[in-house]
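The structure appears below as structure tokens.
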Amino acid sequence: MSASSVFLEPARELAAFSTFDVIVCGAGPAGFAAALVAARQGARTLLLEAHGCLGGVWTAGNLSIALDPYDHQGHFKPLMGELDRRLKALDGGRVPQDGRKCLIYDPEIMKIVLERLCLEAGVTIRLHTRVAAAYTESGRLRTIVTESKSNREAWHAEVFIDCTGDGDLGAQAGCHFAVGHPESGEVQPMSMTAILQGIPIEAVRPFLGGQRGREPKVRLYEEILRGGHRLSTGIPLLLEIHEDLFAMMCTHQYGHHATDAASITQATLDAREETHRIVAALRSLGEPWSRLRIVSTGSQIGIREGRRIAGLYEVTINDILDGRRHEDGACDVNFGFDVHALRKTMNQGGIDKSRPKPGKPLPYQIPMRALVARDVDGLLMAGRCVSGDFWAHSSYRVTGDAVQMGEATGRFAAQLVREQITPHQALSQVPTASG
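Take 990 as the starting number for the sequence shown in our numbering and just add one per residue.
Here is the structure:
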């Protein structure tokens, strides 16, 4: 690199805010849960979020569906059950009538529910703020720096939790990480979700997902094709949020990396363009699509893969195939392998058909050690950036499990603060090898 291509930023003093017990970076499903539980356990908790709302892909991404919200007995996992009750109280959530194990919700109602829960618990929320740097002392994470309209600010905590999805905090703190397929480095495609209105519920019911079987998706695919648009994915999804409000996920953006700003920008632009072309194709067919309108496209594109931060334990494909349990089990996962086609040429209905299948019935457990950074003490992870291999990640990355991981880290963080010990000290007696 030539000297002319390097800019040395001058050193400067930063405003340092008061020390918190726990700082959670990223307020998506995992981060919201981590902050809420830590605060409820008595920890002074700060929740940092780059977007203008809590919820991440749930809200800024318009996702509208939470997968794997139930335990293996068919009951809501604790915090998901609380969310279900709060959403329904505002006419903002429902469970499909055919019994599919998911929760469908109104993204706008989800925003206010998450905010109210966190504020009621005493969480300090800072929106429009992104973690930009991390600093360790004697191998322990002690300080992070953020960027916002308030410029660069330094924040101190006893325990940090990386819930950025892409492992931004872990990477900035110097942790090792993996990305993508172990042989090719390829990552699963990104997808955009749009909120729609203007179509009669009874007329489009044959095309609605959120129910068992692939038939509704196949019908929707064929309908879009009949309108003259060939989809980038073979598994379009149309969901009923309310009788007059719908969510649609009908795009795959291949070959884009979440840690590359130019790449994720292009993916977002392409996905939004395709979404509008899909709606135009459907409208061209006449009834029942003639008055179809886009209410909003996600300001955050749906990302399936970012960094997987190295932890004290790596969840592997064998954990799933063997249905493994752990003495430090933190999260029960009931969701199977879900690797979307890594490139368009291998797209067979949108799903990579080479994926393995569990040899035994689920669930399996994610241990707390997989939620604790290996290379830096004082750092926990929750959500899709936790320590796991490519195949295992495709199972536990869904938002119902991200919430449960967030709950576990929030509870553990508060315990660490009370006992004045670090994560590595707390787990020093638990085997660290991946089993």
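Note that the Cβ used here is the ideal one computed from N, Cα and C, for glycine as well.
Kindly indicate which three-state DSSP category residue i falls into: helix, strand or coil?
i            : result
residue 999  : coil
residue 1170 : coil
residue 1006 : coil
residue 1313 : coil
residue 1108 : helix
residue 1419 : coil
residue 1203 : coil
residue 1300 : strand
Where does residue i land, buried or exposed, given buried means 16+ other C-beta within 10 angstroms?
i            : result
residue 1108 : exposed
residue 1397 : buried
residue 995  : exposed
residue 1126 : exposed
residue 1138 : exposed
residue 1342 : Note on residue 1342: pLDDT 49, under 50, position unreliable in the model; the coordinate value appears next. It counts as exposed.
residue 1414 : exposed
residue 1247 : buried
residue 1363 : buried
residue 1189 : exposed
residue 1195 : exposed
Below 7 Å between beta carbons: does that hold for residue i and residue j?
i            : j            : result
residue 1013 : residue 1020 : yes
residue 1318 : residue 1356 : yes
residue 1361 : residue 1022 : no
residue 1309 : residue 1384 : yes
residue 1379 : residue 1171 : yes
Output needed for residue i: all residues of its chain with C-beta closer than 7 Å, excluding positions within five of it in sequence on either side, in chain order.
i            : result
residue 1029 : 1110
residue 1053 : 1093, 1094, 1096, 1182, 1228, 1230 and 1236
residue 1255 : 1245
residue 1358 : 1300, 1301, 1302, 1317, 1416, 1419 and 1421
residue 1423 : Legend: pLDDT at residue 1423 = 46, less than 50; position of this residue unreliable, value from coordinates given subsequently. Hits under 7 Å: 1302, 1303 and 1305.
residue 1025 : 1106, 1107, 1110, 1112 and 1399
residue 1210 : 1220, 1223 and 1225
residue 1206 : 1198, 1224, 1225 and 1226
Only counting the same chain, and skipping five residues up and downstream in sequence, which positions put a Cβ closer than 6 Å to that of residue i?
i            : result
residue 1386 : 1373
residue 1313 : 1353
residue 1277 : 1188, 1189, 1192 and 1193
residue 1040 : 1049
residue 1287 : 1050, 1051, 1181 and 1182
Who are the Cβ neighbours of residue i in its own chain at under 8 Å, not counting the five residues just before and after it?
i            : result
residue 1100 : 1042, 1043, 1044 and 1048
residue 1067 : 1396
residue 1285 : 1051, 1183 and 1184
Within the segment 1138 to 1196, note down every full alpha helix (DSSP H) run reaching 4 residues or more, in order along the chain. 1157 to 1161 and 1190 to 1193
My parser needs the beta strand (DSSP E) runs of 3 or more residues fully inside the segment 1212 to 1296; what are they? 1226 to 1231, 1234 to 1238 and 1282 to 1286
Return the chain-ordered ranges of every alpha helix (DSSP H) run that is complete within the segment 1329 to 1415 and spans a minimum of 4 residues. Listed in chain order, the complete alpha helix (DSSP H) runs (minimum 4 residues) inside the segment 1329 to 1415 are 1379 to 1385, 1388 to 1408 and 1412 to 1415.
Contained alpha helix (DSSP H) runs [length at least 4] in the segment 1023 to 1098, N- to C-terminal order: 1067 to 1078
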